[in-house]
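Asks: My questions all concern the structure below.
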Amino acid sequence: MKESTKLQWIFLVLGFGAYLSYYCIIAQTNYWRKFYSNTILTIFSMIYEVSQMIGCLIAIPLDKKFQPKIFPLMHFTVNICALIVLVPLKYLKNYNLKCVLTAIPISTCAITASMFYPCMISCASRVNPLLSSTLQVGVGLSCIIIQAVEDLISIYFSHYDTEEQYEHLLVLNAISYYVTGCVILALCFVMWFVFAKQFPNATRKAPPQQKKVLIENESQSEVNTTNTSVTNTSADLLVGDINPNSVIHPVIENKKSIARRIMPLGIALLFSYATSTLIFPLFALNIPSHIGAYKYNQPYSDWWSLIYLTIIQLSDFSGRMLPLSKKFVDKISVRTVISICYLKVVFLVLFPLMSLPKAVVLNDFVQKMPFISSDTLSIICAIVHTSTTAFTISLGYIKYQELLDTDEERDKGSFILNIFLQCGLFSGSLTGVCLISIFE
């Protein structure tokens, strides 16, 4: 197997394990609604995003003290342990205590994920920048496969006669799901060791001498330029062609800081992520089915939620696949990525109109439906919104590298860009939690 192909497989698997725990949690929609509440997923999503924000802030000082390889080891270990303890917490009698204790493993998964992902982006930038896109494809692949597993398990456990059987099947569903997740995370653990062994330089800090050498080269170039200028000037003075006071000395322009160079892209991605986390899951999972309401008197059926969530995951995966082509990536400029991010403002209007007011069906009669009630439009919006979010994030992790010069700058830039993204996730999730009451 070629080295490039091997690297692609390694980063595909590592990307698969980046947010696997989060997707496992989100996919268990019926489980959370049954044993917790209808809005608990939105609360847990906000906790996840806040924890990611905390994690990316912690990652910067930790990156200065430890080698990057500590982050993947921490990430996979913590996520495996978190998936193991989620189901037993369901049996706690005190509801508030159950919610608090369930939030702890979800929070720790988020903290380690926000440290792990920029670390892998940094490793990719040293080996091949396009591996950042492969990493994103792995993330998207985990979405779609985890959702497919959930669909199959839901179909297998769909036959029940009593409420007790339904609860028992939901627990079996969750156990099967989380065991599968633990096995995949263990495989990711192994793949990380393979990568660290074959490419040890990529898993270490960028040598600080690199920037120093660059400065020394610029200084030497300045000296050479000055000497050449003085020599030419002296020769010209001999023939009286130039005034000695008119000699122009070269001036070295101070470059902007890393944060300022990637700020326009970072703010655009922040807006894109804020839009995405506000819309999903709060508005997206509360869109009723027009056909289900008028034909079956069930606007919010489990099957409609499952179908809609599957479409979202497929769209996310397709959006991450687009930046795999180098020719395609080269044609897209940073300005184009920024423009696409801001155009998503239209979805902040459409999704609330498709989910509010909440659908009401009484005595086989539809009494109330959202302002816009169309299954076709809701599916199209889900596809376009989710795919563009994944597309811009994937491209953003590639394009930020073009704005920086050295490996050391790209290492720091990956963590700074991650802060912008986590700010977007946090602000969107916080807004979503504040709006929960409109669906209660």
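Note that UniProt numbering gives residue 413 to position 413 of the sequence shown, counting from 1, and the numbers run on in steps of one. Ideal placement from N, C-alpha and C gives every residue a C-beta, glycine not left out.
#1: Would you report the Cα separation of Glu222 and Ser122, rounded to the nearest angstrom?
#2: Check whether the segment 403-411 and the segment 253-270 are in contact - that is, three or more C-beta pairs closer than 8 Å.
#3: Specify the secondary structure class of residue 459 as computed by DSSP and reduced to three states.
#4: From what residue to what residue does the beta strand (DSSP E) around Lys368 run?
#5: When DSSP labels each residue in this structure, what does Leu356 get in the three-state scheme?
#6: With distances taken Cα to Cα, identify the nearest neighbour of Leu430 among Leu278, Tyr397 and Leu377.
#7: Return helix, strand or coil for Leu362, following the three-state DSSP convention.
#8: Taking three-plus beta-carbon pairs below 8 Å as touching, is the segment 1-13 in contact with the segment 68-75?
#9: Using 8 Å as the threshold, is the segment 271-286 in touch with the segment 15-24, meaning 3 or more CB pairs across them?
#10: Excluding five sequence neighbours on each side, which residues of the same chain lie with their C-beta closer than 7 Å to the C-beta of Cys341?
#11: Look at the alpha carbon of Leu421 and the alpha carbon of Lys6, and state the distance between them as a whole number of angstroms.
#12: Figure out for me which residue from Ile43, Gln8 and Trp9 has the closest Cα to the Cα of Ile25.
#13: Going straight from the alpha carbon of Ala284 to that of Asn38, what length do you get?
#14: How would you call Gln313, buried or exposed, if buried means at least 16 neighbouring beta carbons within 10 angstroms?
#15: Taking three-plus beta-carbon pairs below 8 Å as touching, is the segment 102-113 in contact with the segment 50-65?
#16: Quick check: what's the CA-CA separation for Tyr177 versus Ile398?
#17: Measure from the alpha carbon of Tyr117 to the alpha carbon of each residue in Ala59, Leu362 and Glu150, then state which is nearest.
#18: Whose C-beta lies closer than 7 Å to the C-beta of Ser355 among residues of the same chain, with five residues either side of it excluded?
#19: For Ser339, which of helix, strand or coil comes out of DSSP?
#20: Indicate whether Met120 and Leu141 have their beta-carbon atoms separated by less than 8 Å.
#21: Starting from Phe193, trace the alpha helix (DSSP H) in both directions and tell me its first and last residue.
#22: Could you round the C-beta distance between Leu187 and Ile80 to whole angstroms and report it? I think they count as a contact, below 8 Å.
#23: Does the contact criterion of 3 or more C-beta pairs under 8 Å hold for the segment 377-388 versus the segment 332-347?
#24: As a quick exercise: from Ser154, Ala359 and Ile338, pick the residue whose alpha carbon is nearest that of Gly396.
#25: Note down the Cα distance separating Tyr296 from Asp364, rounded to an integer number of angstroms.
#26: Three-state secondary structure (DSSP) at Leu404?
#27: Under 8 Å by Cβ, that's how I've got Arg335 and Val139 pegged, so tell me the actual separation to the nearest angstrom.
#28: Pick helix, strand or coil for Gly319, following the three-state DSSP scheme.
#29: State the Cα-Cα distance for the pair Leu322 and Ser315, rounded to the nearest angstrom.
#30: With a threshold of 7 Å on Cβ separation, who are the neighbours of Gln28 within its own chain once the five nearest residues in sequence on each side are excluded?
#31: Whole angstroms are fine: how far does the CA of Asp375 sit from the CA of Thr310?
#32: Whole angstroms are fine: how far does the CA of Ser318 sit from the CA of Ile144?
#33: Specify the secondary structure class of Ile26 as computed by DSSP and reduced to three states.
#34: Excluding the five sequence neighbours on either side, which residues of its own chain have a C-beta within less than 7 Å of the C-beta of Ser276, listed in chain order?
#35: Within the same chain, show all residues whose beta-carbon is closer than 6 Å to that of Ala382, passing over the 5 residues directly before and after it, in chain order.
#36: Closest by CA to Asn128, which one among Ile416, Asp161, Gln401 and Leu417?
Replies: A quick look at the data gives this:
#1: Residue mapping note: residue 222 aligns to position 222 of the sequence shown, counting from 1. Residue mapping note: residue 122 aligns to position 122 of the sequence shown, counting from 1. Here Glu222 scores only 47 on pLDDT, less than 50, and its place in the model should not be relied on; the value that follows carries that caveat. Approximately 31 Å, taken between the alpha carbons.
#2: yes
#3: Here the chain has residues from 1 to 440 only, and residue 459 is not among them.
#4: The residue labelled residue 368 in the question sits at position 368 within the sequence shown. Residues Phe365 to Lys368.
#5: Along the sequence shown, read from residue 1 onward, the residue named residue 356 stands at position 356. Coil, per DSSP.
#6: What you label residue 430 is simply residue 430 of the sequence shown in a count that begins at 1. Here the closest residue by C-alpha is Leu278.
#7: As a position in the sequence shown, residue 362 is number 362, starting the count at 1. Correct three-state label for Leu362: strand.
#8: no
#9: no
#10: To locate residue 341, count along the sequence shown from 1; it is residue 341. Same-chain partners within the cutoff: Ala268, Leu269, Phe271, Ser272 and Thr392.
#11: Indexing the sequence shown from 1 puts residue 421 at position 421. Indexing the sequence shown from 1 puts residue 6 at position 6. Taking the straight line joining both Cα atoms gives about 29 Å.
#12: Within the sequence shown, the letter at position 25 stands for residue 25. The shortest Cα separation from Ile25 among Ile43, Gln8 and Trp9 belongs to Ile43.
#13: In the sequence shown, counting from the first residue as 1, residue 284 sits at position 284. In the sequence shown, counting from the first residue as 1, residue 38 sits at position 38. Approximately 13 Å, taken between the alpha carbons.
#14: In the sequence shown, the residue the question calls residue 313 occupies position 313. Gln313 comes out buried.
#15: yes
#16: In the sequence shown, counting from the first residue as 1, residue 177 sits at position 177. In the sequence shown, counting from the first residue as 1, residue 398 sits at position 398. Approximately 32 Å, taken between the alpha carbons.
#17: Here residue 117 corresponds to residue number 117 of the sequence shown, with the count starting at 1. Selected option, being the one with the closest Cα: Ala59.
#18: Taking the first residue of the sequence shown as 1, we reach residue 355 at position 355. If we look at Ser355 and ignore the five residues flanking it on each side, its Cβ neighbours are Phe283, Asn286, Ile287 and Pro370.
#19: Here residue 339 refers to the residue found at position 339 of the sequence shown. It is helical.
#20: Stepping through the sequence shown from its first residue, residue 120 is reached at position 120. Stepping through the sequence shown from its first residue, residue 141 is reached at position 141. Against a cut-off of 8 Å, the Cβ pair of Leu141 and Met120 comes out as no contact.
#21: What you label residue 193 is simply residue 193 of the sequence shown in a count that begins at 1. Residues Glu163 to Gln198.
#22: As a working note, residue 187 is residue 187 in the sequence shown. As a working note, residue 80 is residue 80 in the sequence shown. Wrong, their Cβ atoms sit about 11 Å apart, outside the cutoff.
#23: yes
#24: Numbered from 1 along the sequence shown, position 396 holds the residue referred to as residue 396. Gly396 has its Cα closest to that of Ile338, out of Ser154, Ala359 and Ile338.
#25: In the sequence shown, the residue the question calls residue 296 occupies position 296. In the sequence shown, the residue the question calls residue 364 occupies position 364. Answer to the nearest angstrom: the Cα atoms are 8 Å apart.
#26: Taking the first residue of the sequence shown as 1, we reach residue 404 at position 404. DSSP places Leu404 in coil when its eight states are reduced to three.
#27: As a working note, residue 335 is residue 335 in the sequence shown. As a working note, residue 139 is residue 139 in the sequence shown. About 25 Å; that fails the 8 Å criterion.
#28: For this step, residue 319 is matched to residue 319 along the sequence shown. Helix.
#29: Here residue 322 refers to the residue found at position 322 when the sequence shown is read from its first residue. Here residue 315 refers to the residue found at position 315 when the sequence shown is read from its first residue. Rounded to the nearest angstrom, the two C-alpha atoms are 11 Å apart.
#30: Here residue 28 corresponds to residue number 28 of the sequence shown, with the count starting at 1. Cβ neighbours of Gln28 beyond the five flanking positions: Ala174 and Tyr177.
#31: As a working note, residue 310 is residue 310 in the sequence shown. As a working note, residue 375 is residue 375 in the sequence shown. Taking the straight line from one Cα to the other gives about 14 Å.
#32: Position 144 of the sequence shown, counted from the start, is the residue given in the question as residue 144. Position 318 of the sequence shown, counted from the start, is the residue given in the question as residue 318. Roughly 10 Å between the two C-alpha positions.
#33: Locating residue 26 in the sequence shown gives position 26, counting from the first residue. In the structure shown, Ile26 sits in a helix (DSSP, three-state: H, G or I).
#34: Mapped onto the sequence shown, residue 276 falls at position 276. Excluding residues within five positions, the ones whose Cβ falls inside 7 Å are Thr389 and Gly428.
#35: Counting from one through the sequence shown, the residue named residue 382 turns up at place 382. Correct list, in chain order: Ile311 and Ile312.
#36: By 1-based counting over the sequence shown, the position of residue 128 is 128. Among Ile416, Asp161, Gln401 and Leu417, the Cα nearest to that of Asn128 is on Gln401.
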